[in-house]
Ligand SMILES: NC(=O)c1ccc[n+]([C@@H]2O[C@H](COP(=O)([O-])OP(=O)(O)OC[C@H]3O[C@@H](n4cnc5c(N)ncnc54)[C@H](OP(=O)(O)O)[C@@H]3O)[C@@H](O)[C@H]2O)c1
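Residue numbers (my numbering): 1308 to 1559.
Below, the structure is given as structure tokens:
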């Protein structure tokens, strides 16, 4: 049985805690949160502390706090020579303080606190300095996911950059669309089947094969009409840049 302490109970901390808690090979023995938190009923048996000196003895400590806080926070941990990992896509493993053994446990997915996800298909990118720690992280990852891979800090940075395009930027496009529809009192719900099919399509086609739309077809009148509809909207520039990028890819 692997004993785990989770440090931070935000989007990823709460999701990881839930997944690991439900694994028969892992025992989540404690959650540290700098502010007091109330656990959901199904996790009530886990001990919680906001006092860093009360952190319990464990096999792995998972830091699940914002990127910029990881290094300083890891230096405040009151123990040595334990395996301490973070969950970030972009922070190097070396950011973790020297006094402990370092590692990374990065689930490549988007997480929101009150939206629990199924970890079984989520790629978990692991890294450690020592082989024994790598093995331990593999075991931890495989207790919740079928897809655990060793990824270096350098490659993880590239993966994270690509992930920002497919998730953060695409989601911002949803937000723009919702805003545009609101102006005309139209319901964003109408776009949901299109969003689902866009994601579904790339299971069988490459993104290049899946591309459609006025920019790819070079339907200049339709593009002009859209720009006219956008009037002075701040989204006009985004539309122009995306249209130019698609045209460059397919028409030049
Ligand atoms: N969210 C995602 O989709 C996602 C996906 C993959 C990887 N990650 C990585 O996971 C890590 C956490 O992201 P998140 O989205 O879960 O963040 P988050 O929801 O903002 O959660 C942050 C947690 O860290 C605590 N915290 C903030 N600053 C702290 C500090 N200086 N010292 C101690 N605790 C602090 C917060 O406590 P309070 O509530 O008291 O402020 C909260 O419990 C990041 O490294 C991120 O890159 C996130």
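Heads up, the beta-carbon is just placed ideally off N, CA and C, and yes, glycines get one too.
- Message: Measuring straight from C-alpha to C-alpha, what distance separates residue 1538 and residue 1531?
- Response: 11 Å
- Message: Alpha carbons only, please: which of 1394, 1427, 1414, 1384 is nearest the one belonging to residue 1406?
- Response: 1384
- Can you grab the Cα-Cα spacing for the pair residue 1349 / residue 1336, in whole Å? 14 Å
- Item | Proximity test, residue 1535 beta-carbon vs ligand 1 heavy atom, cut-off 7 Å | no
- Message: Under DSSP, the alpha helix (DSSP H) around residue 1309 begins and ends at which residues?
- Response: Here residue 1309 belongs to no alpha helix (DSSP H); instead the beta strand (DSSP E) covers 1309–1314.
- Item | Runs of alpha helix (DSSP H) wholly within the segment 1476–1507 (minimum 4 residues, chain order) | 1477–1490
- Query: At which residue ranges does the segment 1363–1443 contain complete alpha helix (DSSP H) runs of 4 or more residues, listed in the order of the chain?
  - Reply: 1377–1383
- Query: Do you know offhand how far residue 1475's Cα is from residue 1482's?
  - Reply: 11 Å
- Message: Here's a check: name, in chain order, each residue in its chain whose Cβ is nearer than 6 Å to the Cβ of residue 1525, leaving out the five neighbours to either side.
- Response: 1558
- Just tell me which of 1325, 1309, 1358, 1341 has its CA closest to the CA of residue 1567. The shown model of the chain, from 1308 to 1559, leaves out residue 1567, and the question about it has no answer.
- Message: Give me the residue from 1408, 1466, 1468 with the minimum Cα distance to residue 1444.
- Response: 1408
- Can you tell me whether DSSP reads residue 1338 as helix, strand or coil? strand
- What's the C-alpha gap between residue 1343 and residue 1352? 16 Å
- Query: How about residue 1416: is its Cβ closer than 7 Å to a heavy atom in ligand 1?
  - Reply: yes
- Message: Give me the residue from 1327, 1393, 1375 with the minimum Cα distance to residue 1314.
- Response: 1393
- the segment 1430–1447 / the segment 1353–1370 touching (three or more Cβ pairs under 8 Å): yes
- Tell me which same chain residues have a C-beta within less than 6 Å of the C-beta of residue 1402, skipping the five on either side of it? 1377, 1378
- Give the DSSP-derived three-state secondary structure of residue 1354 in the structure shown. strand
- Query: If you draw a straight line from the C-alpha of residue 1338 to the C-alpha of residue 1434, how long is it?
  - Reply: 22 Å
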